[in-house]
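Colleague:
Number of protein chains: 2
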Amino acid sequence: MRTTLALAQEAGYAKLSIEAVAARAGVGKHTIYRRWPSKGLLFLDSLLSLNEPALDYPDTGDVMADLRRQIHAAVDLLAGPPWGPLYQALVGEAQHDPAVAAGLGERFIRPQTDKTVARLRAAQEQGQVSPGFDLDLAMTILSGPLYFRFLISQEPLTHEYVDRVLEALFAGLSPRG
Amino acid sequence: MRTTLALAQEAGYAKLSIEAVAARAGVGKHTIYRRWPSKGLLFLDSLLSLNEPALDYPDTGDVMADLRRQIHAAVDLLAGPPWGPLYQALVGEAQHDPAVAAGLGERFIRPQTDKTVARLRAAQEQGQVSPGFDLDLAMTILSGPLYFRFLISQEPLTHEYVDRVLEALFAGLSPRG
DNA sequence: GTCAATACGGCACGTGCCGTGCCGCTAGGA
DNA sequence: TCCTAGCGGCACGGCACGTGCCGTATTGAC
Numbered sequence: 589m590r591t592t593l594a595l596a597q598e599a600g601y602a603k604l605s606i607e608a609v610a611a612r613a614g615v616g617k618h619t620i621y622r623r624w625p626s627k628g629l630l631f632l633d634s635l636l637s638l639n640e641p642a643l644d645y646p647d648t649g650d651v652m653a654d655l656r657r658q659i660h661a662a663v664d665l666l667a668g669p670p671w672g673p674l675y676q677a678l679v680g681e682a683q684h685d686p687a688v689a690a691g692l693g694e695r696f697i698r699p700q701t702d703k704t705v706a707r708l709r710a711a712q713e714q715g716q717v718s719p720g721f722d723l724d725l726a727m728t729i730l731s732g733p734l735y736f737r738f739l740i741s742q743e744p745l746t747h748e749y750v751d752r753v754l755e756a757l758f759a760g761l762s763p764r765g
Numbered sequence: 589m590r591t592t593l594a595l596a597q598e599a600g601y602a603k604l605s606i607e608a609v610a611a612r613a614g615v616g617k618h619t620i621y622r623r624w625p626s627k628g629l630l631f632l633d634s635l636l637s638l639n640e641p642a643l644d645y646p647d648t649g650d651v652m653a654d655l656r657r658q659i660h661a662a663v664d665l666l667a668g669p670p671w672g673p674l675y676q677a678l679v680g681e682a683q684h685d686p687a688v689a690a691g692l693g694e695r696f697i698r699p700q701t702d703k704t705v706a707r708l709r710a711a712q713e714q715g716q717v718s719p720g721f722d723l724d725l726a727m728t729i730l731s732g733p734l735y736f737r738f739l740i741s742q743e744p745l746t747h748e749y750v751d752r753v754l755e756a757l758f759a760g761l762s763p764r765g
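If you read the sequences in order, they're chains A and B. So the first sequence is numbered by our numbering: it starts at 589 and just counts up by one. So the second sequence is numbered by our numbering: it starts at 589 and just counts up by one.
1. Flag residue 737 of chain A as yes if its beta-carbon sits less than 8 Å from any beta-carbon of chain B, otherwise no.
2. Assuming residue 693 of chain B and residue 735 of chain A form a contact by the criterion Cβ under 8 Å, report the distance between their Cβ atoms to the nearest whole angstrom.
3. For residue 653 of chain A, I'd like the list of residues in its chain whose CB is within less than 8 Å of its CB, leaving aside the five on either flank, ordered along the chain.
4. Using the C-alpha atoms, what's the distance from residue 754 of chain B back to residue 759 of chain A?
5. Helix, strand or coil, according to DSSP, for residue 765 of chain B in the structure here?
6. Along the chain, where does the alpha helix (DSSP H) that runs through residue 652 of chain B open and close?
7. When you compare only the Cα positions, how much space is there between residue 658 of chain A and residue 740 of chain B?
8. Going by Cα to Cα distance, which pick from B/682, B/662, B/711 and B/752 is closest to residue 700 of chain B?
9. So with CB distances below 9 Å, who are the chain B contacts of residue 631 of chain A?
10. Of the choices B/716, B/675, B/651 and B/711, whose alpha-carbon is the least far from that of residue 696 of chain B?
11. Relative to chain A, which residues along the segment 714-729 of chain B have a C-beta separation below 8 Å, given in chain order?
12. Examine chain B for any beta-carbon lying closer than 8 Å to the beta-carbon of residue 757 of chain A, and answer yes or no.
13. Please work out which residues of its chain come closer than 8 Å, Cβ to Cβ, to residue 666 of chain A, disregarding the five sequence neighbours upstream and downstream, and give them in chain order.
14. For residue 682 of chain B versus residue 601 of chain B, is the C-beta spacing smaller than 8 Å?
15. Excluding the five sequence neighbours on either side, which residues of its own chain have a C-beta within less than 7 Å of the C-beta of residue 765 of chain B, listed in chain order?
16. Report back the beta-carbon spacing between residue 716 of chain A and residue 651 of chain A to the nearest angstrom; my notes put them in contact at under 8 Å.
17. Find the residues of chain A that neighbour residue 684 of chain B, judging by a C-beta separation of less than 7 Å, and give them in chain order.
18. Does DSSP classify residue 634 of chain A as helix, strand or coil?
19. Strictly under 8 Å for the Cβ-Cβ distance: is residue 761 of chain A near chain B by that measure?
20. Can you name the start and end residues of the alpha helix (DSSP H) that residue 603 of chain A belongs to?
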């Protein structure tokens, strides 16, 4: 898995091959195929094995500040190397390979989602978030713009952008929000 | 290009090969390589050549209704076959191939973005959108959740989801919005 | 301490697709 | 009438795939 990440960083995920990983790692190809059925799942495991400081939400009582802090941390991680390009490649692969999509969803997206929703629920109970608001929806509305910028615009994710998104979301589009 | 789309639909983009396209189309491989430098750009051209009824915004004076109508149309197109899976594959490929990313941005994302921003600007001038609101930001906040659901959650895009997103965005997360 | 089972590294194979040569044909313009 | 550019067809070397087979080393049971 270390070799996989090294090669992916050096040449890009597109040029990554199981053959090259085996050679560089000094390992037979069987040894890889015995554990992973495809390049995508090998890459998924490799990336998730880094298991970054689990991105947990603080709860200081101020939702806006907590969200801000947590998303800043996530963005710091995902925006730059080495995580940024690798995670982008992983999401790209998920579009082609359902097994990768499923693994990514269960092992990364779902946990992050759950944490965010839990923090939002606490905020809602304290009256900092509108009572009727569907929190799963709120979660996608929060993440969506970040992923859009990351995957579609391919512009850099900055703290300033996160702040503007958060501000806008709480205020709403309507006048005199 | 027709053959490219046909094969992509039959076997999936991942299994698409220029060799197969040439064979099915009764054409020499040179004839393809002379026009397109890569499978990704061939696919981009093929998909955009369909040039669907250009997804123009109506302007009835009611932003909310116009956005709703336009996004419903976009979602009808992108959610189901044949566009859905093909567009998903295209975005996936864009994560691996910068040339595809650039082409997709310039030729599809940018025009759609511009149209949306223009419609929002008209609404802002009529006081239906908060005066200070950054409209490019508004645009990514609108699109982001849809792309998130399309690419990350991989749940179906429905009219109902679009409506909930729109409602939520105009109201804002804060209580008594 | 012995032995069988298992996982291993190394090598080779057939297959599929890549991208690029070369061939001979054909259609269109000078 | 001829010349050229583009074409379909074919073949090639190269690479990575996924899967066999071989001989070796490690491990766990008895």
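Note that beta-carbon positions come from the ideal geometry of N, C-alpha and C, so glycine has one too.
Modeller: According to the data block:
1. As a position in the first sequence, residue 737 of chain A is number 149, starting the count at 1. Yes, residue 737 of chain A lies at the interface with chain B (some Cβ there is under 8 Å from its Cβ).
2. To locate residue 693 of chain B, count along the second sequence from 1; it is residue 105. To locate residue 735 of chain A, count along the first sequence from 1; it is residue 147. So it is not a contact: roughly 15 Å between Cβ atoms.
3. Within the first sequence, the letter at position 65 stands for residue 653 of chain A. Cβ within range, chain order: n/a, list empty.
4. Within the first sequence, the letter at position 171 stands for residue 759 of chain A. Within the second sequence, the letter at position 166 stands for residue 754 of chain B. If you take the alpha carbons of residue 759 of chain A and residue 754 of chain B, they lie about 14 Å apart.
5. Here residue 765 of chain B refers to the residue found at position 177 of the second sequence. Low confidence applies to residue 765 of chain B: its pLDDT is 48, below 50, so where it sits in the model is not reliable enough to give any reading.
6. Position 64 of the second sequence, counting from 1, holds the residue named residue 652 of chain B. Segment 651-667, the alpha helix (DSSP H) holding residue 652 of chain B.
7. Within the first sequence, the letter at position 70 stands for residue 658 of chain A. Within the second sequence, the letter at position 152 stands for residue 740 of chain B. Roughly 20 Å between the two C-alpha positions.
8. In the second sequence, residue 700 of chain B corresponds to position 112, counting from 1. The candidate whose alpha carbon is nearest that of residue 700 of chain B is B/662.
9. As a first step, residue 631 of chain A must be located in the first sequence, where it is residue number 43. What residue 631 of chain A touches in chain B: nothing, since even the nearest Cβ is about 12 Å away.
10. Residue mapping note: residue 696 of chain B aligns to position 108 of the second sequence, counting from 1. Minimum Cα distance to residue 696 of chain B is reached at B/675.
11. 715, 716, 717, 718, 719, 721, 722, 725, 726, 728 and 729
12. The residue given as residue 757 of chain A occupies position 169 in the first sequence. Yes, residue 757 of chain A lies at the interface with chain B (some Cβ there is under 8 Å from its Cβ).
13. Numbered from its first residue, the first sequence carries residue 666 of chain A at position 78. Taken in chain order, the residues that qualify are 672, 675, 738 and 745.
14. Taking the first residue of the second sequence as 1, we reach residue 682 of chain B at position 94. Taking the first residue of the second sequence as 1, we reach residue 601 of chain B at position 13. The answer is no: Cβ separation not under 8 Å.
15. Taking the second sequence and counting its residues from 1, one reaches residue 765 of chain B at position 177. With a pLDDT of only 48 at residue 765 of chain B, under 50, the local geometry of the prediction cannot be trusted, and no value is derived from it.
16. As a first step, residue 716 of chain A is located in the first sequence; it is residue number 128 there, counting from the start. As a first step, residue 651 of chain A is located in the first sequence; it is residue number 63 there, counting from the start. Sure, about 5 Å apart at Cβ, within 8 Å.
17. Here residue 684 of chain B is taken as the residue at index 96 of the second sequence, counted from 1. The answer, in chain order, is 601, 602, 677 and 680.
18. As a working note, residue 634 of chain A is residue 46 in the first sequence. Here residue 634 of chain A sits in helix by DSSP.
19. Counting from one through the first sequence, the residue named residue 761 of chain A turns up at place 173. It does: the Cβ of residue 761 of chain A has a partner Cβ on chain B nearer than 8 Å.
20. As a first step, residue 603 of chain A is located in the first sequence; it is residue number 15 there, counting from the start. Unbroken run through residue 603 of chain A: none, as it is neither H nor E.
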